[in-house]
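Encoded as structure tokens, the structure appears first; notes follow it.
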Amino acid sequence: MAIGLRLFGGFSLERGGNGGDGLSYEKGRALLAYAAVEADAAHSRRALAALFWPDHPATAALANLRLVLLNLRQALEAGGLPMLQIDRDSVRFAPECLLAVDTARFSAVLAKAANLPAGKQISIPDLQELATAAALYRGEFLAGFSLPECPDFETWLQMRREAWHRDALSLIARIADAYDARLDHVRALPFAVRLLELAPWNEDAHRRVMRLLALNGQPGGALAQYETCCRILESELGLRPAEATRLLAEQISKGRLTQNLAMPTPLSEPAEALVLPTERRQVTVLFCELLATVEGEPDDAMASLYPAHVGWCDLVRKHGGHVVPTYAGGLLAYFGYPLALEHAARQALQAALAILGDNKPGVAVRIGVHTGMVVSGGSQAVPDVVGNTTAVAIRLRLLVAPGQIAVSHDVVRLVAGFYECVPVGIHRLPGIPAPVEVLRVIGNGEARDRLDSTMLAPMIGRAMELEALTRTWEDALQGQCNVLLVKGDAGIGKSRLLNELKIRVAGADVAVRELRCYPEFSRSPFRPVIALFESIFGCEEGDDDAAKFARMARYLNANHPGIAAAMVPILASFMSLPACAPYADINQPLPVRREAELSMLVRLLQSLSERAPILLLVEDLHWADPSTLELVRSLVELDHGFPMLAVLTARSDFLPPWREDVVPTRMLAGLRDEEICSLISGIAPELPPAVIRCLVERADGIPLFAEELARLASGGEDDEVPATLRDLLAARLDATGEAKFTAQLAATIGRSFALDILSQVSPLAPQAVLQGVHRLVAADLLWSSDGVVYQFRHALIRDTAYQSQTHSGRKTAHLKIAHVLQTTGGRFVSGQPELIAQHLAAGEEFEQAAIFWLRAGNQACQRAAGSEAILHYKAGLAQVDRIADSPAKLQLEFDLLNGLGLAAIAVEGYASGEAAAAHARALALSERHAGNPDVFRAIWGLWASASSRSGYDLALDMATQLMRMAAASNDPVQVQQAHFAIGNTRFWRGEFADAKLHLEAAIGLHRPSFHARHITDFGEDVRITAGAYLSWVLEFLGQPEQAATASAETVALARRARHPFSLAYALTFAALLNCRLRQPDRALLLAEETRRLAESHGFHLWQIGAGVAAGWARAQQGDVGGVAEIRRCIAETRSAMGGVSLVVLAPLADALVGLRLSEEALATIDEALQIGEALGDHHEDAELLCLRGDALLALPAAKTAAAVAAFNEALALADVQQARGLESRARQSLAVARRCLAESPPVDVR
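Counting from 13, one number per residue, gives the positions in the sequence shown under my numbering.
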């Protein structure tokens, strides 16, 4: 297995695709780098132990070396090939090992270059080899790496850095000179620019770039470079350019250096000229302007600026910043680059405050800090390719005085509470389009963690865990010493749980002590423990060592006088404080001191517990430095006999250094959806339910995600990932190394993805893809139940990976994915065309995307997924807007509009405003071309909602128009639909005989092969809809048996058709038919089936129909609640399909009459007759008149004569309408009323 070790620009160990470098110790990396660079010699174990553990006794240092060597061997020799040659006395790399080290290759080329000729005498192959070596130098040797406790190693490291930096400058200059000598200025220019990057204060380098730009035909660029040089020298250093620089600019401006040069034949790219991937990331940019305050010559200013610049660059690096080359008067650093930092903004401000606190004689400073998204890639020297985010930071510093820090609001919202800030105002910065809210940092705030920095929402969903901790605390109160480890994902609520525990146990008789670990101190020995002691002793910010020692001694003597004398020197040694009289420094070997310190810590805790029980909280052990972790391990494994509860927290992937049986572990799971919903509603109660449901889904049970998403949505921001979470999520992705690319590609496919699709899309070999996926699974970013389909554990992780790609990168990936999905198998193309549509749209193939959205909408309609269909059609229409005009575009837009109209009818009802608007727009499109057959579909869609908008007179006109068009086209499907439209409309008008003729004609034209077209073009099968209406018509015509038969046949046909909308249609008509047939049990049974079907598919209109039938049936069974159910349906009917209001009002009147609620019944009948008159709906007139008569007879003081008149009117109307069933009912009721009238007193009370 070949292993690659990169030491220029940082430390990177590539182990043939294995995730991570496999190294557990920082000194292991240092040892590997040292042995690789000094590979020619064997190194004695004792010398290595002394180099890396100089303050340890020899035996302890050698023991540590054995652990590190064991870890190195495991990491390097996973492939079975020997890499290290280790014996009892020495260590070296095996001569036959396959270790590829960039420094070795760089040095080998340099050695060869010493024998090469100069200038143009050097050959092209040799130049290519030199260029390859130059590309290896990606930055200084082991950039950002430091072991301050190992002074000899630090000396070696600095010497190597300086030597290789000089070599790199010399090599790059030599390449530029060689190409220049060949008059190949095109190839010389990039090396001159690189030279300037590495030596930004070298005026000769500026002149070289100016000259080559001019010789490459870019005099404007050359003069711009001169202006940049002048501005830097004058405004930042108080210097003027040298005479040679000025004369060169003058020559360029006069055109004396311009040449028309032929482009030489391109050289092949150096094989090892690797660059960083281009990607988007959130960074915090710090720009520090150094101002010389000394008076005198410019050389004096430079002499004061340079050491300050060097020192502050080191300080920034210690806080996690990535420093890029600038001039001596400026310091530019990026936090969160090249790897993300969870608290990048906080670390940037810590670095800024540290710079202000590190006074340098003769130098003042002002600082600007800004957080934003950048596009990075290519060279580490250019983290912000576009430069907008960097420009804001650079310009911010101009708004404050020397000795101050200006920050944007984008920074403040990430660090709120951690730092005190005062407003500076809203400013427009040159070159920045939007105004920037600016604040000034005046110092540290009171917050120590996120819980201190924000207003806390009530804790939700952790009652059981809190009770368990409380019970363990109660055991501690009885004298037990308990330790518990709480683990869980970032943001799951570990700290919040501990905070609630603190609140619950708070009291004068409890000592709460907190030890916090931070990522920026993960390499600082015992920093969290020292901070705990400083807090206990009352140390304050700004205290020097003497003040801290005094506070410690005073505290111990006051609170623990019995052990103070022994404890003070030991703790002073532990905290690296010089002892003051009467105490003396401890002069003992480190292992002896460590043992004494641990013992003293236990004694201190025991002494504290004598005054009050101790609650010790140790947070974020995954960030603990090895020394602190070892101290905690020793502490928890000791057998204590005093009242204390120690609760430790760590991320899910933390592996404790103690045995599993030593400390009980509780894993925190995500919250349930209803708990997350409650949390979001508490933070942002104004959010609509649909938005809350979306946020619940994206939060994935993580309370922190839910809180930040809720605040983001409440603030009206549309970012997919809150800026407050980006650093945390990006850090998890960056930690996966090269597997991040696989995560980005997988995220482009979607939240879930098939491994075979990812393998086909990725440019990597299938085995490399699989290794990347396994690495992501190991990092708990992906999961899979079958190893075939994988899913991102959190939606926000997926979004972060997706957004970290550039726009062009995402576009290319989406098109590749779309291509693979279309060619890989029918199940993706035919089953989920919306997936292909999404990728085509993101890849900006707008026409193809619209075509697939149309397919997706049509398939959703066929599955009766109306709501999804509406979304698909709208997405397609959005793509159409971006297509150039053409006949194909018009047809595509028409099809999408027609589909949208039909889907809206299915979901909202025939009165849908969205459906009417879509069909009207479709009609306008179709009428652009004479004889366009699509006009029929558009008019049909408008006819379907005409009764609800304008009544049945207009509906009949449109139906007649449809018949004329169908007859002209001789299209049997159109003829069917036209007959149905006329039969449908004439039914509502009360023209039952004519309705029967047209409905039977529609049914007679039915062919099974027409079904698919009916569904696609009209959203419903006309054989089923015509059959449903025919069953009603037959009942009105006095043929109840034939009506029941027609209804049963229609329902059976609908079941066979497997089209849910048509089935719901048939069932609704069947249920209401049984209401007319006075069969409440059968009506209720059918209504319940209809309701279930309609609710599962979102058919609002058919839910109403089911409610009406069920309400009527229950009322007939004596349940007054049935009336309330019908009343609820009335209001909903008006919005879903106002044209059929009588279908609801008539059963309500019938139910009220049956329950002898006559006054309410009469009011309902009057309302129904008025609505029917306005709409032209007369199909229920005779029935309503009969019901009026029944209600009048049922009044306490019966109005018999009025009832007789109502029945007479019903009888006459039924005869005209040929409604034989109603005619018979009216005649029977009239006879009863006349008998009552004959038996009543002469005067009828009206």
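Ideal Cβ positions, reconstructed from N, Cα and C, are used throughout, including at glycine. None of these values were measured; they are calculated from a predicted model.
Check                                                                                                                              : Outcome
Residues that DSSP places opposite P435 in a beta bridge                                                                           : L451
Bridge-paired residues (DSSP) for T383                                                                                             : T296
Cβ-Cβ distance between V336 and L327 below 7 angstroms                                                                             : no
Length at least 4, wholly inside the stretch 844 to 923: the alpha helix (DSSP H) runs in chain order                              : 845 to 854, 858 to 874, 878 to 892 and 899 to 920
I98 in three-state terms, based on DSSP                                                                                            : strand
Chain-order list of residues whose beta-carbon lies under 7 angstroms from that of P282 (same chain, five-residue window excluded) : Model confidence at P282 stands at a pLDDT of 31, short of 50, so the residue's coordinates are unreliable; what they give is reported in the following sentence. Once the five neighbours on either side are set aside, the close Cβ partners of P282 are Q140, A143, T144 and A147.
Identity of the residues DSSP links to C241 by a beta bridge                                                                       : Answer is none; C241 lacks a bridge partner.
CB-CB length for G1325 against L680, believed under 8 angstroms                                                                    : Outside the displayed range of the chain (13 to 1258) lies residue 1325, so it cannot be described from this structure.
Buried versus exposed, by CB contacts within 10 Å (16 or more), M95                                                                : buried
Nearest-angstrom beta carbon gap, L627 and V517 [assumed within contact, 8 angstroms]                                              : 6 angstroms
Option nearest D138 by Cα separation, candidates A123, R150, G151 and Y149                                                         : A123
Outcome for S280 when other beta-carbon atoms lying within 10 angstroms are tallied against a minimum of 16                        : Per-residue confidence for S280 stands at a pLDDT of 30, beneath the threshold of 50, marking its modelled position as unreliable; the derived number appears in the next sentence. Its Cβ having fewer than 16 others within 10 Å, S280 is exposed.
Given 8 angstroms, three or more beta-carbon pairs between the stretch 588 to 605 and the stretch 630 to 646                       : no
L426 versus L808 - alpha carbon distance                                                                                           : 18 angstroms
Reduced DSSP category for F347 - H, G, I as helix; E, B as strand; rest coil                                                       : strand
Residues near E1137 in its chain [Cβ-Cβ closer than 6 angstroms; skip 5 each side]                                                 : G1119 and G1123
Beta-carbon proximity list for L660, same chain, < 6 angstroms, skipping 5 on both sides                                           : L497, V630 and L633
C-beta atoms of V614 and V495 nearer than 7 angstroms                                                                              : no
M471 - DSSP class collapsed to helix/strand/coil                                                                                   : coil
Minimum C-alpha distance to G1002 - residue among R1103, H1191, A1038 and S1108                                                    : H1191
Outcome for H819 when other beta-carbon atoms lying within 10 angstroms are tallied against a minimum of 16                        : exposed
Euclidean distance between Cα positions of S1074 and E1179                                                                         : 31 angstroms
Spatial neighbours of N1086 in its chain, beta-carbon cut-off 6 angstroms, leaving aside the 5 residues before and after           : R1094 and A1095
Start-to-end residues for the alpha helix (DSSP H) that takes in Q779                                                              : P778 to A790
Cβ-based burial, L1259 [other Cβ within 10 Å; buried from 16]                                                                      : Nothing can be reported for residue 1259: it is not among the residues displayed for the chain, which extend from 13 to 1258.
Residue burial classification, I688 (beta-carbon count within 10 angstroms, cutoff 16)                                             : buried
T661 (DSSP reduced to helix, strand or coil)                                                                                       : strand
Three CB pairs or more closer than 8 angstroms across the stretch 1173 to 1188 and the stretch 978 to 985                          : no
Bridge-paired residues (DSSP) for R528                                                                                             : E631
Buried or exposed (CB count within 10 angstroms, at least 16 for buried), A1243                                                    : exposed
Assigned exposure category for L724 - 16 Cβ within 10 Å defines buried                                                             : buried
Unbroken beta strand (DSSP E) run spanning I444, endpoints                                                                         : Run containing I444: none; DSSP gives neither H nor E here.
Spatially closest choice to R1140 from G1117, D1162, A236 and G1130, by CA coordinates                                             : G1117
In DSSP terms, what H55 is bridged to                                                                                              : V103
Best match in Q1128, A1186, G342 and L1187 for proximity to A1161 [C-alpha to C-alpha]                                             : Q1128
Range of the contiguous beta strand (DSSP E) that encloses S820                                                                    : Segment H819 to T836 is the alpha helix (DSSP H) holding S820; no beta strand (DSSP E) there.
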